[in-house]
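Asker: Each residue of the sequence shown is one higher than the one before, starting from 1 at the first, in this note's numbering. Beta carbons: idealized from backbone N, C-alpha and C, even for Gly. One structure, pasted below without further comment.
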Amino acid sequence: MATETEGPTLTVDELAARAGVTVRTVRFYSTRGLLPPPEIGPRRVGRYGADHLSRLALIEELQHQGLTLAAIERYLRHLPDGLSPGDLAIHRALVASWMPDRPEPATRAQLERRAGRALGEEDLDRLTAMAVLERDPEDADAFLVDPGLLYLGLRLLDVPIAPDTILAARAVLLEHARSTARSLTRLFHEEVDTPDVASMKSLSAHMQPLVVQALVTAFQRSLKRELRELYAQGDARGSAREDAQGDAQAQEDAQGDTAP
1 MATETEGPTL
11 TVDELAARAG
21 VTVRTVRFYS
31 TRGLLPPPEI
41 GPRRVGRYGA
51 DHLSRLALIE
61 ELQHQGLTLA
71 AIERYLRHLP
81 DGLSPGDLAI
91 HRALVASWMP
101 DRPEPATRAQ
111 LERRAGRALG
121 EEDLDRLTAM
131 AVLERDPEDA
141 DAFLVDPGLL
151 YLGLRLLDVP
161 IAPDTILAAR
171 AVLLEHARST
181 ARSLTRLFHE
191 EVDTPDVASM
201 KSLSAHMQPL
211 VVQALVTAFQ
221 RSLKRELREL
231 YAQGDARGSA
241 REDAQGDAQA
251 QEDAQGDTAP
């Protein structure tokens with residue numbers, strides 16, 4: 001699977017298979033300016049990378065929300081310049097958060113096309129553990145897939161982190177997400193004390209996107225702050241190690257100079 005650090009390596013056929021669309025669709029999006037041009041490699045073959053995959057995933061989510069192609073074009077035009085695949089993934093996550101959580105049927109072949117590689121039993125077990133899919137007890141090649149989690153789950157398969165750690169992280173996120181949702185709902189209910197259910201639903205629908213955006217922004221900034229502190233600690237330990245090694249070497253040199 002293409003990552004942010006990799007250069008463009010995918011042909012148009014590979015990109016289409018990975019994104020779950022047709023080659024014709026990729027070329028159509030390119031002519032409409034929804035995708036940046038590919039990098040031209042040897043023999044004039046266009047190569048695509050993580051940016052193209054992220055944009056196709058975002059377009060897919062916008063289509064799931066019922067946006068027309070013209071609306072999607074306007075949405076993409078208003079995105080800031082220079083967004084990384086990771087930034088696009090955050091936009092996609094915000095859109096995907098409003099997808100209905102109804103499972104969709106999928107075959108093993110369809111999952112493998114989206115993953116860009118064969119999926120072993122261990123991969124399928126991990127996707128099942130992450131609640132990305134459910135196995136059909138009567139058909140080993142049939143699954144029910146959560147469309148909102150599929151893209152995330154397939155990407156996590158290639159992250160060099162132990163499955164137990166990913167599941168532990170998922171448990172932490174679910175626990176705090178539910179706790180936050182309960183607390184915010186309680187505050188909302190106390191503020192809007194009305195027996196009019198229709199009014200409450202209307203206001204809730206208006207507030208939900210704002211709350212999700214606020215949560216994502218707060219979490220992203222908190223995570224960046226924690227990572228900066230972690231990197232700073234690592235740099236400090238590295239500098240201390242280098243200083244200790246330098247002192248030890250200097251001591252050895254001094255002992256050598258004073259030896260008879």
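Report the rounded CA-to-CA distance for Ala17 versus Pro105, giving the unit in angstroms.
Answerer: Ala17 and Pro105: Cα-Cα distance of roughly 18 Å.
Asker: Can you pull the DSSP bridge partners for Arg135?
Answerer: In the DSSP output, where bridge partners are listed per residue, Arg135 has Phe143.
Asker: Quick one: any contact between the region 87–95 and the region 54–65, if contact means 3 or more CB pairs under 8 Å?
Answerer: These segments touch.
Asker: Anyone know if the C-beta pair for Arg170 and Met130 falls short of 8 Å?
Answerer: Their beta carbons are under 8 Å apart, which means Arg170 touches Met130 by this criterion.
Asker: Does DSSP put Arg47 in a helix, in a strand, or in coil?
Answerer: Note: Arg47 maps to strand in three-state DSSP.
Asker: Under 8 Å by Cβ, that's how I've got Leu133 and Leu144 pegged, so tell me the actual separation to the nearest angstrom.
Answerer: Contact flag correct, Cβ pair sits at about 6 Å.
Asker: Mind checking whether Asp13 and Val23 have CB atoms under 8 Å apart?
Answerer: Their beta carbons are under 8 Å apart, which means Asp13 touches Val23 by this criterion.
Asker: So, helix, strand or coil for Ala19, using DSSP?
Answerer: Three-state DSSP puts Ala19 in a helix.
Asker: How would you write the range of the beta strand (DSSP E) that Thr107 sits in, first residue to last?
Answerer: Residues 104–107.
Asker: Which residue's Cα is closest to the Cα of Leu10: Ala109, Ala71, Gly41, Leu79?
Answerer: Of the listed residues, the one whose Cα sits closest to Leu10 is Gly41.
Asker: Are three or more beta carbon pairs between the region 153–163 and the region 110–126 nearer than 8 Å?
Answerer: Because the criterion of three Cβ pairs below 8 Å is met, the region 153–163 and the region 110–126 touch.
Asker: Can you give the beta carbon distance from Arg126 to Pro103, rounded, assuming they're within the 8 Å contact cut?
Answerer: Not quite, the Cβ-Cβ distance comes to about 18 Å (not below 8 Å), so this is no contact.
Asker: Within the region 153–215, note down every full beta strand (DSSP E) run reaching 3 residues or more, in order along the chain.
Answerer: Taking only runs of at least 3 residues, no beta strand (DSSP E) segment lies wholly in the region 153–215.
Asker: What do you reckon, are the CB atoms on Pro38 and Pro85 nearer than 8 Å?
Answerer: Taking 8 Å as the Cβ cut-off, Pro38 and Pro85 do not qualify as a contacting pair.
Asker: Need the endpoints of the alpha helix (DSSP H) that Asp123 sits in, please.
Answerer: Unbroken alpha helix (DSSP H) run through Asp123: 121–129.
Asker: Mind checking Arg114: buried by the 16 CB within 10 Å criterion, or exposed?
Answerer: Burial call: buried.
Asker: Find the nearest neighbour of Glu138 within the set Thr107, Val211, Leu223, Leu152, judged by alpha-carbon distance.
Answerer: Glu138 has its Cα closest to that of Thr107, out of Thr107, Val211, Leu223, Leu152.
Asker: Distance check for Pro36 and Arg186, CA to CA, integer angstroms please.
Answerer: Arg186 and Pro36: Cα-Cα distance of roughly 45 Å.
Asker: Got a sec, what are the start and stop residues for the alpha helix (DSSP H) Leu69 sits in?
Answerer: Unbroken alpha helix (DSSP H) run through Leu69: 69–77.
Asker: Based on Cα-Cα distance, which residue from Ala71, Val197, Val26 lies nearest to Gly49?
Answerer: Comparing Cα positions, the closest option is Val26.
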